[in-house]
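Below: the structure, in structure tokens.
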Amino acid sequence: MVRDSITIVGASLAGLRAAETLRRDGFSGRISLIGAEVHAPYDRPPLSKQVLAGAWEADRTVLTPADRLELLGLDMRLGRRATGLDLSGRILEVDGVSESYDGLLIATGARCRTLPGTGHLAGVHTLRTLDDSLAILEAMRGDPRRVVVVGAGFIGAEVASTAIGHGVPVTMVEALPVPLGRVLGDMVGSVIAELHLEHGVDLRCGVGVEAVEGGDRVESVRLTDGTVVEADLVVVGIGVVPDTGWLEGSGLTLEDGVVCDETCLAAPNITAAGDVARWPNPRYGEVMRVEHWDNAVEQGAHAARRLLQSEEEAVPYAPVPWFWSDQYDRKIQLAGRARPDDEVRIVSGSLEERRFAALYSNDGRLTAVLGMNRPRHVMQFKGLLEREASLAEAIEFAEGLG
Amino acid sequence: MRIVVDYDQCESNAICMQIAPDVFEVRDDDFLYVLDETPGEDRRAAMQEAVQRCPKQAISLEG
Ligand SMILES: Cc1cc2nc3c(=O)[nH]c(=O)nc-3n(C[C@H](O)[C@H](O)[C@H](O)COP(=O)(O)OP(=O)(O)OC[C@H]3O[C@@H](n4cnc5c(N)ncnc54)[C@H](O)[C@@H]3O)c2cc1C
Ligand code: SF4
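Chains A and B, in that order, are what the protein sequence lines are.
Taking the numbering used here, the leading residue of the first sequence gets 1, the next gets one more, and so forth.
Taking the numbering used here, the leading residue of the second sequence gets 1, the next gets one more, and so forth.
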């Protein structure tokens, strides 16, 4: 399909990679990239790792160096927010001003869930943006007595790990009995729990937060088991919600994300990608929304190309999702879709060494692989997942790894 | 065009190798080897893809 121009809303990982893909494929029309943040597009994973550790200056997170960005010839508008969309008139509203679009790619990502009733308290943070990361870093350098991390998901776990690196005492509160139990199962979740305990984290599982207390500043956190943890810094990592508020009433289907078809098309002339997009992944026969870095890159490219394809040319987007998380000196990676009731088998290494791959399976079918300090092997197993290999095949492959 | 790898960031996950096995190789010792530091111009699109897909931002292109 020939288009004069493409408008991309959300100037982060999915949006920028979409723009770059269009240029690489030879699209020479106008590309508008509109982003609410004032910073040039930057990478988020370092925000809970190197930036928060104080090891990287903020500008090291840029996704594409300025000279290369320049070469793309984008109509880039930073510090601008899309505020509305009219499908029938093909009108996008940016900061209240209407403009027409030819093809539109939605990549507005997600924002953090917050704890109700904490908005007025200084010292309570969430972590999504560069500014969030720098604010938490400053607080950690201010010699806090203790940080309470609410939620032991991947972001919370990384914040805990980085705080320990700063020498700040950490209490991490997790509602589930085992951290990440619902994603990784209890066996692997327990290994991660032990990792935190060994590094000195005061890990409290199976409890929730009753209240965050203080006057102007946070002073303590009261837990549902009645205990009170004194803290002058709280980082809340209880998940994200897709940023679709600006699309209410637009006529797009919004259900925990922008709902797309198998090819990432949300409506005629409109696609979505990254943390904001929900689509039926034909590989799994399941509607999913994936909050991982690699998905933003891949789906950004897919959704960009989809805007230039006809109905007949369009191809389904069918990835094996994967992500990584770095905690302490461990690299954790998960490829595939693990379920809590999957069978788990440890190969190439052992739980004791904290260096292993874990194969997840259901009915003899390989469903996922998790690696701890096994990056190369995880990617090799991901190849097996992509061609829907059986558990038996995966075990045989693992034996060959020695 | 020259390939530069920041080995402090590289975690040897071999994603780049899947994209361009003629240029990147992660061996059994778990280290990444760049087989061709100055690939030809016809490999530019693949190199750009490797830069983008490296989750550790460890690869950059000069020139
Ligand atoms: C601290 C942190 C650590 C992470 N670590 C890892 C990791 O180790 N491994 C991993 O796989 N993933 C990790 N992730 C997840 C990964 O960063 C995300 O999946 C990825 O950023 C998603 O990219 P995106 O472009 O879809 O959305 P986002 O990065 O959320 O970008 C969306 C952009 O759109 C802008 N926007 C929103 N609404 C509007 C609007 N109305 N108009 C204009 N612009 C708008 C936002 O300001 C934002 O800049 C991490 C995320 C965070 C926050
Ligand atoms: S993709 Fe990046 S991290 Fe992975 S092996 Fe290549 S350079 Fe290293």
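Don't be surprised by glycine CBs; every beta carbon is placed ideally from N, CA and C.
If you compare the alpha carbons of A:160, A:389, A:221 and A:105 with that of residue 82 of chain A, the shortest gap goes to A:105. Excluding five sequence positions before and after residue 384 of chain A, the CB atoms of its chain that fall closer than 7 Å to its own CB belong to 366, 393, 394 and 397, given in chain order.
Residue nearest to residue 140 of chain A within the set A:194, A:263 and A:52 is A:52 (criterion: CA-CA distance). As the crow flies, the alpha-carbon of residue 388 of chain A is around 13 Å from that of residue 321 of chain A. Residue 354 of chain A has its alpha-carbon roughly 31 Å from the corresponding atom of residue 288 of chain A.
Secondary structure of residue 196 of chain A (DSSP, three-state): helix. Under a criterion of Cβ atoms nearer than 9 Å, no residue of chain B is adjacent to residue 30 of chain A; the nearest Cβ is some 21 Å distant.
Looking only at A:240, A:70, A:39 and A:160, the smallest Cα-Cα distance to residue 59 of chain A is reached by A:39. Per DSSP, reduced to three states, the secondary structure at residue 382 of chain A is helical. In the DSSP assignment, residue 171 of chain A falls within the unbroken beta strand (DSSP E) covering 170-174.
Look at residue 46 of chain B: its C-beta is not under 8 Å from any C-beta on chain A.
Excluding five sequence positions before and after residue 30 of chain A, the CB atoms of its chain that fall closer than 8 Å to its own CB belong to 4, 5, 6 and 75, given in chain order. Your pair residue 207 of chain A and residue 225 of chain A checks out as a contact, with CB atoms roughly 5 Å apart and the cut at 8 Å. At least one CB of chain B lies nearer than 8 Å to the CB of residue 294 of chain A. Residue selection by CB proximity (closer than 6 Å to any heavy atom of ligand 2) returns B:5, B:10, B:11, B:12, B:13, B:14, B:15, B:16, B:24, B:26, B:32, B:54, B:56, B:58 and B:59 in chain order.
Within the model, the alpha-carbon separation for residue 88 of chain A versus residue 227 of chain A is close to 55 Å. Rounded to whole angstroms, residue 372 of chain A and residue 349 of chain A show a C-alpha spacing of 9 Å. Only residues of its own chain outside the window of five on either side were considered, and among them 5, 6, 9 and 10 have a CB closer than 6 Å to the CB of residue 58 of chain B, listed in chain order. Among the CB atoms of chain A, one or more fall inside 8 Å of the CB of residue 30 of chain B. Neighbours of residue 379 of chain A across chain B, judged by C-beta separation under 9 Å: 13, 14, 15, 17, 18 and 26.
Using a C-beta cut-off of 8 Å, the region 61-72 of chain A makes no contact with the region 141-150 of chain A, since fewer than three inter-stretch Cβ pairs fall below that distance.
Against chain A, the beta carbon of residue 43 of chain B has no neighbour under 9 Å; the closest one sits roughly 13 Å away. Cβ proximity to chain B below 9 Å picks out 331 and 333 from the region 327-338 of chain A.
Neighbours of residue 53 of chain B across chain A, judged by C-beta separation under 9 Å: 294, 297 and 298. Counting only residues of its own chain and dropping the five nearest sequence neighbours on each side, residue 93 of chain A has a CB closer than 6 Å to the CB of 83 and 84. Bridge partners of residue 323 of chain A according to DSSP: A:334. Against chain B, the CB of residue 80 of chain A has no partner CB under 8 Å away; the residue lies outside that interface. In the pairwise beta carbon analysis, the region 158-165 of chain A is classified as not touching the region 264-276 of chain A: fewer than three pairs are separated by under 8 Å. Of the other Cβ atoms in all chains shown, 16 or more fall within 10 Å of the Cβ of residue 48 of chain B; this residue is therefore buried. For residue 275 of chain A, the Cβ falls inside the 7 Å cut-off from some heavy atom of ligand 1.
Contact annotation, residue 26 of chain B with residue 45 of chain B: C-beta distance approximately 21 Å; criterion of less than 8 Å not satisfied. Neighbours of residue 43 of chain A across chain B, judged by C-beta separation under 7 Å: 57. Under the Cβ distance rule, residue 319 of chain A does not count among the residues neighbouring chain B, no pair being separated by less than 8 Å.
The continuous beta strand (DSSP E) containing residue 92 of chain A extends over residues 91-94. Residue 55 of chain B sits close to residue 324 of chain A, with the two beta carbons spaced by under 8 Å. For residue 279 of chain A, the uninterrupted beta strand (DSSP E) segment begins and ends at 277-281.
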